Structures are given as structure tokens and as C-alpha cells.
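J.: Below: one structure in C-alpha cells.
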Amino acid sequence: KLVYDPNLLVYRRPRHSLKAFAKMLLTYGRGRAEQFRLHPTFGSALNFVPPLFCVYLALLVVTWLIGKFGLFYLLPLGLYGLTLLAQAAAWAASGKILQGLGAIPLVVLTHILYGAGFWRGLFTPLKAPEQRPPTPVVLETVAR
2 KLVYDPNLLV YRRPRHSLKA FAKMLLTYGR GRAEQFRLHP TFGSALNFVP PLFCVYLALL
62 VVTWLIGKFG LFYLLPLGLY GLTLLAQAAA WAASGKILQG LGAIPLVVLT HILYGAGFWR
122 GLFTPLKAPE QRPPTPVVLE TVAR
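Sequential numbering from 2 applies to the sequence shown in my numbering.
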């Protein structure tokens, strides 16, 4: 049971390395897929966008390798690139030019690793609740 409190602030600690960030993304995607398997809802449909993006990228490589590649296949990737550039432009407009440009590869990495983790979570066996190790929950209070 969850209680909504509009005054509650939640902060996530940044990961100490790119490797730790990548592991977090894979784990998050896996966990989201496991939640979908346990409690599928129509609202979960958006969670399938990054995994389907991974399938699209894999199919791009396959079509190129077998010699059936056409420029038309790049249209979704071009739209994706334009969306990333629009987001970077929005960051630049707010005075965060370097952050916007630096974030582009991280956004792409996020989508790919989340998608890969999601596929892993869809097809790995789920552990029964009694087989899962207990996970401690630590609540910290921060004075404002």
C-alpha cells in the first residue's frame, strides 16, 4: 500500500562510474519486465518502446549484413536522432549546452541497456518470493 505525499522528495544517488550506471540500467529494465510479467497492465505498453528499439537496431544490422539494406530503413533512426537533437537544443536553450551534448550518448545508452535488460527480464525464470533474498530498505531523512 502506498501513500501519496506531495511534499515528499526522493533523490537517487548518482552512480560512481559508467559501468555502474550501465549495470543499473540493465537491472532496471529487467526489473520492469519482471513487474510486467507479474502485473501486466495496458499502462505498461510504453515500457516496450526501448526493447522494440533494440529489436529495430538488431534488424538494421541484419539487413545490412545480408545485403537487403535500404535507406528507408533508416527513417525511424533519423527521427530518433532528430528527437535527441531537439532535446539537446532544449538543454542548450536553458544554458546547458555542454550538458545537453554530453547527455546524448547517455540517453542512447539508457534506451539500449534498458531495452536489453527488459528482454532479459521477460525470458528469465522468476524466483518464488520465498527464494528471493531479503532486501533492506533504508530511509534517510534530510533536513531542508
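Using N, Cα and C, we set each Cβ at its ideal position, and we do this for glycine too. Just so we're clear, the structure is a prediction, and the values are computed from it rather than from any experiment.
Can you look up Val11 in the DSSP assignment and give me helix, strand or coil?
T.: Of the three classes helix, strand and coil, the one that applies to Val11 here is coil, per DSSP.
J.: Alpha carbon to alpha carbon, what distance is there between Leu19 and Leu114?
T.: One C-alpha to the other measures close to 12 Å.
J.: With a CB to CB cut of under 8 Å and the five nearest residues on each side skipped, what residues in its chain are close to Val108?
T.: Contacts found: Leu85 and Gln88.
J.: Here's a check: name, in chain order, each residue in its chain whose Cβ is nearer than 8 Å to the Cβ of Arg38, leaving out the five neighbours to either side.
T.: The residues are Gly122, Leu123 and Leu127.
J.: How close, in whole Å, do the beta carbons of Pro168 and Tyr57 come, if the pair is a contact with beta carbons under 8 Å?
T.: Outside the shown range of the chain (2 to 145) lies residue 168, about which nothing can therefore be said.
J.: Can you tell me whether Ala144 is helix, strand or coil according to DSSP?
T.: Here Ala144 sits in coil by DSSP.
J.: Would you report the Cα separation of Lys97 and Glu131, rounded to the nearest angstrom?
T.: Approximately 48 Å, taken between the alpha carbons.
J.: Tell me whether Val139 sits in a helix, a strand or coil according to DSSP, three-state version.
T.: It is coil, neither helix nor strand.
J.: Please report how far the alpha carbon of Asn48 lies from the alpha carbon of Arg16, in whole angstroms.
T.: Each residue's alpha carbon lies about 23 Å from the other.
J.: Here's the rule I'm using: 16 or more other beta-carbon atoms within 10 Å means buried, otherwise exposed. How should Pro52 be labelled?
T.: Looking at its Cβ environment, which holds 16 or more other Cβ atoms inside 10 Å, Pro52 is buried.
J.: Rounded to whole angstroms, what's the CA-CA distance from Gly30 to Thr136? Just pull it up for me.
T.: Spanning the two alpha carbons is a distance of roughly 18 Å.
J.: Around the C-beta of Ala21, are 16 or more other C-beta atoms found within 10 angstroms, so that it is buried, or is it exposed?
T.: Result: exposed.
J.: On a Cα-Cα basis, can you pick out the residue from Leu66, Lys24, Glu141 and Gly118 that is closest to Glu35?
T.: Looking at the Cα atoms, Gly118 is the closest of the given residues.
J.: Please check the pair Ala23 and Leu110, which I expect to be a contact at CB under 8 Å, by giving their CB distance rounded to whole angstroms.
T.: Going by Cβ atoms, the distance from Ala23 to Leu110 rounds to 7 Å, so yes, they are a contact pair.
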